[in-house]
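> One structure follows; several queries about it will come next.
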Amino acid sequence: MDNSIIQTNQISYDYVRTDENGEVESVHRALTAVDLKVSAGDFITILGHNGSGKSTLAKHLNALLVPTEGTVIVDGKDTADEEKILEIRQCAGMIFQNPDNQIIGTVVEEDVAFGPENMGVPPKEIAERVKESLITVGMADYAEASPNKLSGGQKQRVSIAGVLAMHPKCIIMDEPTAMLDPQGRKEVIRAARALNDVEKITIILITHYMEEAIYSDRIFVMDRGKIVMQGTPKEIFSRPEELKKYRMSLPQATEVAYRLKKEGIDLPDGILEKKELAKACVEYLAKKKQEV
Amino acid sequence: MLKDITLGQYYRANSVIHSLDPRIKLVGSLVYMVSLFLFNNLISYTAAALFLFFIIGLSKVPLSFMLRGMKTVIFIMVFTVIYNVFMGTGTVIAEFWYFRITYEGILNAACMFVRLFLLIVGSSLLTLTTTPNQLTDGLESLFSPLKIFRVPVHEMAMMMSIALRFIPILMEETDKIMKAQIARGADLESKNIFVRVKGLLPILVPLFISAFRRAGDLALAMEARCYHGGKGRTRMRVMRLMIRDYISILILAAYLAGMILLGIRCKGFMEYLVPELQCAAHVVKNWVINLF
Amino acid sequence: MELKCEKLTYEYDAGTSMAKRAVDEISLTIPSGQFVGIVGHTGSGKTTFVQLLDGLLKPTAGVVSLDGVDIASKGFDRRSMRSSVGIVFQYPEYQLFESTVLKDVSFGPKNQGLTDEEAAKAAAEALRKVGIEEEVFPSSPFELSGGQRRRVAIAGVIAMEPKILILDEPTAGLDPAGREEILGLLSNLWKDGMTVILVSHSMEDVARYVERILVMDRGKIFLDGAPREVFSHSEELEAIGLAAPEVSYILKALKDAGIDVDPTITTVEEAVKEIKRKLC
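Next up, the structure:
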């Protein structure tokens, strides 16, 4: 059985710039033949440098953009089908980079209510959904606060609650942590992982912080509008040379392991966390002692 | 300076006035303002002032907090008083150059001062006890009959609430851009007006670009959350009139009737209004004649 | 140029009941040519502090002095100060406004009183320093990539040839390679003799590049010292919502696993060397 929630088939997208007379001035291909398949309940990370086409891809996944070529299927619906757009957007919610520019309400709970209100949910149910969602992201105490008084991490959590209140199956997060401090970053990633673990919501996280990618089920790396690498975190981070070529880096523990390996110390590939590194080093020492 | 404005600021408290339906408060404020122009005598002013202080007492907003907000409008009030003192006609008390101080002028100025004071305090009470959101909701609901005439009431209310949310953000941004350009040697303190106007460009251009970027982001975020105009939209909070609202309507009606009665009994009302009405009628007549 | 502050204090809404102390009696000296990192969680007063250093905010109390001259004193020429201390704000690319890259970078030098040609020359020089190629000079700053725009904005400050350069989160929002480019650039400027003050959230970055770290908490300097010394207080740092660089936690994990490494190491390079030494 096919349990994919999002599937793109060879999608390409052109940004077309026209002059004052409506004539085409330049065409910039932002996506080229992208195939992406996301299974329901997965935690997916998309890595890629600034301008690699990540955000353009993200906007295709909830019908904010429609591909120039190819099709995007979200929960069995084609995003090119105008009549299904609202259903698709309800199913696949989206979090953006700038915490200020996506909060519409002047009070936290009103902002969270915005989505369900647009969907025409009955008032009583909206209030319940708002409460639930704020509790899920740990912002229930701020229901009546002004968004302007919140920290970046808190604002992003409010935005997540706003999407949650629409009861989506999938949430796409387009660099939600790029403008946050380490504390805020932790809050947001923790919330995203909890949603995936507990609520079984599919998460598509776009980021360029490697540490945020190590817990995902699959990683896709983008460059110049194409998916150039894909695999589990272990597989991806075992290919450091390639990653660097695409302007990415390695998680710190992986970086240390990789450099040790280059110095001739035979450690296994795909070390992601410090504990793994410590274990690998201990094993290395034990092996060496045996040999002696 | 901008921080001192309490006009348009919300004061959080738990009072009867705070919990009234915003529509009642809007209509109430309007009725109160109109009532101030129905009379021109001391007794009525005292009655109107007593009524206002009664409401302020109910609202639990400290008087000192309200008066602090008056600081910014004091200039207008002083100007009005001076204008009235010197520009009156009637029994002359003192005279010099072009100016004439008359008994009627002083009386008029005093009345004007009290009237303006009550007007401003009365209207600031509305914003002090009503959140911007409740205000927009109230306005939207009050004006909703205009939808028949294709007035985009919902859209206007939405614009207003978004403006309310982004004003503080853009003010902060302006401050940041100003500092950044000053740091690059921009001359914003020059006494030369031309230099100063030219100096605005490096601030206005980035500010506009930023405002447009934010607007674009926000539009995208709204679309992603299924926003598609006011059609089929529900609200989390449905405005329904409660007993206290009906009681307020009764009190308001009683107040208005009382003021009209007082105005007639104290004669000032008709005397004051008649020339005024005649004047208005004259203007309208001329206008109609000109039209043909 | 020596930057010094004495009992520097700044209060928002000073004199009202809502007064909030953002910078609280900070006294310190930054000698000429130092590479200083300022860390602290959001709201610790970092941004306010650096704005005081550049004279963009007037201190509620205390003094900032450049080579011994109080910058608030009457005889002090504020505009010449702009040439001594440059500041790059967060997301500086949002302050670009001219029609071409070169014109935008010339804005500062022109305000310093240089002629158009001189300013263009200074701008070109600064653009070269930040690694912007000449063919980009005539294009609109808004056509560039995010990383390029950031570098152009930094060039706009460097073109004024400041002796002291302050940067507030210059790498925010950039991809790993972009971050490296900016940090490498700062390192080069510092090697050329500039005093660089870097405000950052990234402990890894400050550990790698700076000579001295100032840790701020609630408007005060919480710790002040060389990276290794500051990061040896990892528990205190955690208590105020910060952390040591990831590497030191990696080394701690190794130590806990029974490999006797030095956990006060703060950079990847040193860590690799240290682990290698213990494994071979």
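Protein chains in written order, with the working numbering: chain L, 16 to 307; chain V, 1052 to 1343; chain P, 8 to 287. All residues carry an ideal CB built from backbone N, CA and C; glycine is no exception.
Given a cut-off of 9 Å, decide if Gly68 of chain L and Ile216 of chain L are closer than it, judged by their beta-carbon atoms.
Not a contact, by the Cβ cut-off of 9 Å.
> So, does the CB of Pro1183 of chain V fall closer than 9 Å to a CB anywhere in chain L?
yes
> Return the residues of the stretch 1065–1091 of chain V that lie within a Cβ-Cβ distance of less than 7 Å from chain L, sorted by chain order.
none
> Give me, in chain order, the residues of the same chain whose beta-carbon lies closer than 7 Å to that of Arg44 of chain L; leave out the 5 immediate sequence neighbours on both sides.
Ser27, Asp29 and Gly240
> For the putative contact between Asp1296 of chain V and Ile1075 of chain V, defined by C-beta atoms under 8 Å, what is the C-beta separation to the nearest angstrom?
Yes, they are in contact, since the Cβ atoms of Asp1296 of chain V and Ile1075 of chain V sit about 5 Å apart, within 8 Å.
> Let me see if you follow: with CB-CB separation under 9 Å, is Thr1354 of chain V close to chain L or not?
The structure shown does not extend to residue 1354 of chain V, since chain V is modelled only from 1052 through 1343, so no value can be given for it.
> Among L:Ala73, L:Gln171 and L:Glu97, whose alpha-carbon lies nearest the alpha-carbon of Asp115 of chain L?
Relative to Asp115 of chain L, the option among L:Ala73, L:Gln171 and L:Glu97 whose CA is nearest is L:Gln171.
> At 3 residues or longer, and completely inside the stretch 91–151 of chain L: list those beta strand (DSSP E) runs for me, N to C.
107–110
> Using DSSP's beta-bridge definition, name the partner residues of Leu172 of chain P.
Checking the DSSP bridge columns, you'll see Leu172 of chain P partnered with P:Gly93 and P:Val203.
> Rounded to whole angstroms, what's the CA-CA distance from Met5 of chain P to Arg219 of chain P? Just pull it up for me.
Here chain P has residues from 8 to 287 only, and residue 5 of chain P is not among them.
> Drop a sphere of 10 angstroms on the beta-carbon of Gly191 of chain P, count the other beta-carbons inside from all chains shown, and report buried for 16 or more, exposed for fewer.
Exposed: under 16 other Cβ atoms inside 10 Å.
> Taking Cβ-Cβ distances shorter than 7 Å, what residues in chain P pair up with Ser1261 of chain V?
Tyr101
> Which residues, taken in chain order from the stretch 47–72 of chain P, show a beta carbon closer than 8 Å to some beta carbon of chain V?
Gln58, Asp61 and Leu63
> Taking only beta carbons into account, state which residues of the stretch 264–293 of chain L come closer than 7 Å to chain P, listed in chain order.
Within the stretch 264–293 of chain L, Ser264, Gln267, Ala268, Glu270, Val271, Arg274, Leu275, Glu278, Ile280, Lys289, Lys290, Leu292 and Ala293 place their CB atoms closer than 7 Å to a CB of chain P, listed in sequence order.
> Out of curiosity, what's the CA-to-CA distance linking Thr269 of chain L and Lys259 of chain P?
16 Å
> Would DSSP call Val203 of chain L helix, strand or coil?
helix
> Would you decide whether Tyr224 of chain L is buried or exposed? Buried here means 16 or more other CB atoms lie within 10 Å of its CB.
buried
> If you follow the beta strand (DSSP E) that Leu62 of chain L is part of, which residue opens it and which one closes it?
Phe58 to Gly63
> Can you tell me where the beta strand (DSSP E) with Ala155 of chain L in it begins and where it stops?
It is not in any beta strand (DSSP E) - Ala155 of chain L carries neither H nor E in the DSSP assignment.
> So is Leu1053 of chain V buried or exposed if we call it buried at 16+ other beta carbons inside 10 Å?
At Leu1053 of chain V the pLDDT is 42, less than 50, meaning the model places this residue with poor confidence and gives no usable figure here.
> So, is the C-beta of Leu1058 of chain V closer than 9 Å to a C-beta in chain L?
At Leu1058 of chain V, the pLDDT of 46 sits below 50, so the modelled position is not reliable; the number obtained from the coordinates is stated separately. Chain L contact via Cβ: absent.
> What residues are listed by DSSP as bridge partners for Gln22 of chain L?
L:Lys52 and L:Ile88
> Beta strand (DSSP E) containing Tyr19 of chain P: first to last residue?
Unbroken beta strand (DSSP E) run through Tyr19 of chain P: Leu10 to Tyr19.
> Since Thr121 of chain L meets chain V, which of its residues come closer than 8 Å, beta carbon to beta carbon?
Thr1182, Pro1183, Asn1184, Ser1212, Leu1215 and Arg1216
> Given a cut-off of 9 Å, decide if Thr178 of chain P and Arg215 of chain P are closer than it, judged by their beta-carbon atoms.
Contact annotation: Arg215 of chain P and Thr178 of chain P have beta-carbon atoms that are not nearer than 9 Å.
> To be precise: take each residue of the stretch 125–153 of chain P, compare its Cβ to all Cβ atoms of chain V, and keep it if any distance is under 8 Å. Which residues remain?
Phe149
> Is the distance from the Cβ of Phe111 of chain L to the Cβ of Gln117 of chain L below 9 Å?
yes
> Please classify Ile219 of chain L as buried or exposed, where buried requires at least 16 other C-beta atoms within 10 Å of its C-beta.
buried
> Tell me, please, whether the CB atom of Leu101 of chain L is closer than 9 Å to any CB atom in chain V?
So, interface residue.
> For the stretch 73–93 of chain P and the stretch 104–114 of chain P, state whether three or more C-beta atom pairs, one from each stretch, are separated by less than 8 Å.
Because the criterion of three Cβ pairs below 8 Å is not met, the stretch 73–93 of chain P and the stretch 104–114 of chain P do not touch.
> Looking only at its chain, what residues have a beta carbon closer than 8 Å to the beta carbon of Glu281 of chain P, apart from the 5 residues adjacent to it on each side?
Leu258, Val268, Asp269 and Ile272
> Which residues of chain L have a Cβ atom closer than 8 Å to the Cβ of Tyr256 of chain P, listed in chain order?
Lys289
> Flag Leu193 of chain P as yes if its beta-carbon sits less than 9 Å from any beta-carbon of chain L, otherwise no.
no
> Interface residues of chain L around Lys27 of chain P at Cβ under 7 Å?
Within chain L, no residue comes near Lys27 of chain P; the closest Cβ sits about 13 Å away, beyond 7 Å.
> What number of angstroms, rounded off, separates the C-alpha of Ile37 of chain P from the C-alpha of Gln198 of chain L?
Take the alpha-carbon of Ile37 of chain P and the one of Gln198 of chain L: they are about 29 Å apart.
> Specify the secondary structure class of Ser1261 of chain V as computed by DSSP and reduced to three states.
Three-state DSSP puts Ser1261 of chain V in a helix.
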